[in-house]
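Have a look at the structure below, then the notes.
In my numbering, the protein residues as written are 2 to 171.
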């Protein structure tokens with residue numbers, strides 16, 4: 002079994018953690034390059050960075066939970082397990098990569114949509130795409146013999162959370 006969706010911590014760290022790391026590196030560099038060595042400055046910067054990270058991540062988390070219940074998805078040899086319910090490959094109609102702008106704090110977010118033959122739609126956050134801007138989930142599914150013909154990439158939407166279909170919960 003391979004987990005397809007990232008944890009919330011992993012998603013938010015790759016989204017905002019680099020900002021915090023950059024600010025920390027700059028503040029440490031300033032500490033070593035200035036003549037006055039004040040450790041209170043570094044401590045204040047560390048606390049502010051931590052508070053920024055907690056505030057922004059919790060804000061995005063609340064926005065996600067309010068607007069779109071995300072699925073927990075695992076890939077097995079013969080299908081997917083979505084929210085602890087097994088779906089054989091023949092029951093999955095399509096797996097699509099969805100770039101969406103204006104969903105989380107006006108920054109682009111990347112989701113994966115899974116639609117089933119009974120009309121249900123499940124969404125989850127995409128893992129960090131890296132430097133090549135390829136969807137890691139779609140790449141894994143394209144290599145799987147049962148899902149290679151069911152994957153596609155949707156065009157980018159600027160509709161925010163209204164770009165998602167209503168979910169049918171079974």
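For each residue, glycine too, the CB sits at the ideal point set by N, CA and C.
Keep in mind that this is a model prediction, so the values were computed, not measured.
*Ignore the nearest five residues each way along the sequence and tell me which others in residue 167's own chain have a CB closer than 6 angstroms to its CB.*
Position 166 of the chain shown, counted from the start, is the residue given in the question as residue 167. Any answer about residue 167 is weak, because its pLDDT of 49 lies below 50 and its placement is not dependable; what the coordinates show is given next. Within the same chain, residue 167 has no close Cβ partners at all.
_Close-in-space but distant-in-sequence residues of the same chain around residue 50 (CB under 7 angstroms, 5 per side omitted)_ = Start at 1 with the first residue of the chain shown, and residue 50 comes out as number 49. Excluding sequence neighbours, residue 50 sits near 21, 24 and 25.
*Distance, Cα to Cα, residue 115 vs residue 39?*
Position 114 of the chain shown, counted from the start, is the residue given in the question as residue 115. Position 38 of the chain shown, counted from the start, is the residue given in the question as residue 39. Cα to Cα, the separation comes out at about 53 angstroms.
_Rounded straight-line distance, which links the Cα of residue 44 to that of residue 154_ = Translated into the one-based positions of the chain shown, residue 154 becomes position 153. Translated into the one-based positions of the chain shown, residue 44 becomes position 43. Each residue's alpha carbon lies about 45 angstroms from the other.
*asked:* What would DSSP say about residue 118, mapped onto helix, strand or coil?
replied: What you label residue 118 is simply residue 117 of the chain shown in a count that begins at 1. Coil.
*What are the partner residues of residue 113, as DSSP defines its beta bridges?*
Here residue 113 corresponds to residue number 112 of the chain shown, with the count starting at 1. Note: residue 113 sits in a beta bridge opposite 98 and 125.
*Proximity below 9 angstroms, CB of residue 113 to CB of residue 98*: By 1-based counting over the chain shown, the position of residue 113 is 112. By 1-based counting over the chain shown, the position of residue 98 is 97. Cβ distance < 9 angstroms, so residue 113 and residue 98 count as in contact.
*When burial is assigned at 16 or more other CB atoms within 10 Å of the CB, is residue 89 buried or exposed?*
For the purposes of this step, residue 89 is taken as residue 88 along the chain shown, with counting starting at 1. Its Cβ having fewer than 16 others within 10 Å, residue 89 is exposed.
_Beta carbon of residue 119 nearer than 9 angstroms to that of residue 144_ = The residue labelled residue 119 in the question sits at position 118 within the chain shown. The residue labelled residue 144 in the question sits at position 143 within the chain shown. Result no, Cβ atoms of residue 119 and residue 144 do not sit closer than 9 angstroms.
*Which residue comes first and which comes last in the beta strand (DSSP E) that contains residue 88?*
For the purposes of this step, residue 88 is identified with residue 87 of the chain shown, where counting begins at 1. Its beta strand (DSSP E) spans residues 86-89.
*So which of 10, 17 and 3 has the shortest CA-CA distance to residue 109?*
Numbered from its first residue, the chain shown carries residue 109 at position 108. Checking every option, the nearest Cα to that of residue 109 belongs to 17.
*Taking C-beta to C-beta, are residue 83 and residue 148 nearer than 9 angstroms?*
On the chain shown, position 82 is the one that residue 83 refers to. On the chain shown, position 147 is the one that residue 148 refers to. No.
_DSSP bridge partner residues for residue 74 (one or two, in chain order)_ = Position 73 of the chain shown holds residue 74. According to DSSP, which records beta bridges pairwise, residue 74 is partnered with 83.
*Does any residue of chain C bring its CB to less than 9 angstroms from the CB of residue 27?*
In the structure shown, chain C cannot be found, because there is only a single protein chain.
*Which whole-angstrom value describes the C-beta separation of residue 162 and residue 69, a residue pair presumed to lie in contact below a C-beta threshold of 8 angstroms?*
Taking the chain shown and counting its residues from 1, the one referred to as residue 162 is at position 161. Taking the chain shown and counting its residues from 1, the one referred to as residue 69 is at position 68. At roughly 6 angstroms, the Cβ-Cβ gap stays under 8 angstroms, so residue 162 and residue 69 are in contact.
_Reference residue 19; option with closest CA among 33, 58 and 95_ = As a working mapping, residue 19 is identified with position 18 in the chain shown. The candidate whose alpha carbon is nearest that of residue 19 is 58.
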